[in-house]
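Worksheet: the structure to be examined is printed underneath.
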């Protein structure tokens, strides 16, 4: 199995075979879980959670074994064009054409799929853009759509002959531009009389059920095209009928004694279903099935996010839960026909399996798998690329999670490597917003982000830095990145990647220094812990040590520990990492008004800074030292003895368990 699908076997080996009727490998039939009424499956999750990888793997597994098609609704090919571009074009018609072309080829042990209903509807709509003396475009478009009705050279010749007759009819019309209704009616009449044979003509009668057709296929096809032209809810109605035509053709292919009954159900895979096109393809299926119009199509869509309004009444499952029966039943709401399957993060064991596959010599450090899991949060795209980079290096034993971000990863043998962090950001953040988010990543809240935008983001014509902050917030919300009240960029993995780019984006790290200096000055005396956080990021630790020493005796111990953790969460990207040595007391000497307390606080600060850094691997000796220093400090705090003593026990255990340090108060 592809390594990026570790942890996704429940979908590939469990859910999909029960819906399709075939396993991903081999031809032994699998009993259907839902025989007469199928749910629409929607894979949910943020960027990099493996939705696209699952769809691609399903496409590869079932290609040439059962009719299958995969489209990405965010491809430029499916974006809205200007109204002037073509009266006959929409993302839905373009997508349906491609879906038909992918589903049509013959599969192992069965024939090809014919789409006479879909072809008839698309040809009627296409005629909206046909004009006299536009022979070349009419021929090219007509051939492409006509071949959906019956793939093969015989049909190609018939279509070409029919198109020649249509062009001749246009040329014979009275001078001037004929009305669109005349063009459409002429095309539809010729389509049914001259092109479609007995079988296709019978299929075209399906359009007699179009609203207002009165059982007449010609009237239905003409109305569909004219409704498409009118736009708004009229186009929605026409497009819904076209989506139904695709499914009706697939259903017809599986009826009777057709050889397609020997293979699995047809599979439609729709990536980036949160795009407008995705909803326009999926919603008609949900509505038709809710109305009792059933079909054999296995529809699996991927949707970025978790809480899309259209899924409010969907049945929800996590990916591990779908290995066995879904337990799905249709409810009263249309959306109850969908099962939203959340792709959960990979667990540490999956990460270890990734590294074992890419590092067969077992040279990486024993802790690296847990470190990669902590850094990525189990996000598959991060785990995959970091593991590949480790395996492609001649000395993987040298890596920490932080150094892996700067390592080169080649996605194919014939390509040069690219830094992992750059590759990840290229997949996770739109290029047009990357510079904005890089500058704003160190911010804690909207106000500090606005301070950065005002001084560090270039002004664009007609826009202010505040607009950039608003757009960045909108992007993070629309892309369903996790939020955190402590940070402007709430997802820790994304924030770390952006901070890495900020630090190494220019040779002298001048932008890194400028951004942290701006935030240091912004917080000033109004928020000392945050100011010291940014001083520490700039490499100056003495202000933080002095502040923590001076406030130790008088501050509430719970607040003091919270401030310690906030200050120590400063990012660290220096190649020479001396934090462990400082934490163990191997460098520096006691200074200040209370040199012993000063030294203890300094060692504790550097221990927490090192042990909570997602780019570093924790050191056992430093972990013990952190607990030891907290225990000693507990004896010196008159009111906070219990709080500090509990932290001396729970914090080291949290590090050993790869958990965040305890919440407020240093407890569990």
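Numbering (this note's numbering), first residue to last: 1 to 668.
Glycine included, each C-beta is placed from N, C-alpha and C at the ideal position.
Under a Cβ-count criterion, where at least 16 other Cβ atoms within 10 Å of its own Cβ denotes burial, should residue 289 be classed as buried or exposed?
-> buried
By DSSP, does residue 419 sit in helix, in strand, or in coil?
-> strand
Going along the chain, which residues of its own chain have a beta-carbon closer than 6 Å to the beta-carbon of residue 127, five neighbours each way excluded?
-> 183, 184 and 187
Less than 8 Å between the CB atoms is what I'm expecting for residue 163 and residue 156, so what's the real figure, rounded?
-> In fact, because the Cβ distance is near 11 Å, the residues do not count as touching under 8 Å.
So does residue 126 have its beta carbon nearer than 7 Å to some heavy atom of the ligand NAD?
-> The model depicted lacks the ligand NAD and carries no ligand whatsoever.
Classify residue 563 as buried or exposed, calling it buried when 16 or more other Cβ atoms lie within 10 Å of its own Cβ.
-> buried
Take residue 342 as the anchor and find which of 139, 297, 49 and 154 has the nearest alpha-carbon.
-> 49
Stretch-stretch touch, CB-based, cutoff 8 Å, three pairs: the segment 442-460 with the segment 404-415 = no
For the beta strand (DSSP E) containing residue 271, list its first residue and its last residue.
-> For residue 271, the enclosing beta strand (DSSP E) stretches over residues 267-271.
What residue ranges within the segment 193-227 form continuous alpha helix (DSSP H) runs of no fewer than 4 residues, ordered along the chain?
-> 198-204
4-residue-minimum alpha helix (DSSP H) runs that sit fully inside the segment 384-449, ordered along the chain | 401-406, 420-428 and 431-440
DSSP state of residue 609 mapped onto helix, strand, coil | Helix.
Ordered list of beta strand (DSSP E) runs contained in the segment 287-345, each at least 3 residues = 298-304, 315-318 and 338-342
Pairwise C-alpha distance: residue 276 and residue 243 | 15 Å
CB of residue 61 within 8 Å of CB of residue 402, strictly | no
Contact set for residue 78: own chain, Cβ-Cβ below 7 Å, skip 5 residues either direction = 91, 94, 95 and 277
Residue 102 versus residue 142 - alpha carbon distance | 18 Å
What are the start and end residues of the alpha helix (DSSP H) that includes residue 358?
-> 348-358
Endpoints, beta strand (DSSP E) assigned at residue 45 = 40-45
CA-to-CA distance, residue 325 to residue 560, given in whole angstroms = 51 Å
What first and last residue would you give for the beta strand (DSSP E) that runs through residue 120?
-> Per DSSP, residue 120 belongs to no beta strand (DSSP E); it is in the alpha helix (DSSP H), 116-126.
CB of residue 633 within 8 Å of CB of residue 651, strictly = no
Enumerated in chain order, which unbroken segments of the alpha helix (DSSP H) with a length of 4 residues or greater are wholly contained in the segment 11-36?
-> 16-20
Whose C-alpha, out of 399, 426 and 139, is nearest the C-alpha of residue 160?
-> 139
Do the segment 603-612 and the segment 567-583 make contact, defined as three or more Cβ pairs closer than 8 Å?
-> yes
How about residue 369 and residue 352: do their beta carbons lie closer than 8 Å?
-> Yes, the Cβ-Cβ distance between residue 369 and residue 352 is below 8 Å.
Which residues mark the beginning and the end of the alpha helix (DSSP H) in which residue 68 is found?
-> Element bounds for residue 68: not the alpha helix (DSSP H) but the beta strand (DSSP E), 68-72.
At least three beta-carbon pairs within less than 8 Å, the segment 496-503 to the segment 440-449 | yes
Would you tell me roughly how many angstroms separate the C-alpha atoms of residue 377 and residue 225, rounded to the nearest one?
-> 50 Å
Could you pull out every residue in the same chain whose Cβ sits closer than 6 Å to the Cβ of residue 295, ignoring the five residues on either side in sequence?
-> 247 and 251
Beta-carbon proximity list for residue 245, same chain, < 6 Å, skipping 5 on both sides = 117, 118 and 121
Can you tell which of 136, 249, 306 and 89 has its C-alpha closest to the C-alpha of residue 123?
-> Of the candidates 136, 249, 306 and 89, 89 places its Cα closest to the Cα of residue 123.
In three-state DSSP terms, what is residue 681?
-> In the structure displayed, the chain extends from 1 to 668; residue 681 sits before or after that span and is not available.
Which partner residues of residue 487 appear in the DSSP bridge assignment?
-> 484
Taking 8 Å as the threshold, find out whether the segment 26-44 comes into contact with the segment 299-314 through three or more Cβ pairs.
-> With contact defined as three or more Cβ pairs closer than 8 Å, the segment 26-44 and the segment 299-314 are in contact.
Quick one: measure Cβ to Cβ for residue 519 and residue 448, integer angstroms, because I've assumed they're closer than 8 Å.
-> 6 Å
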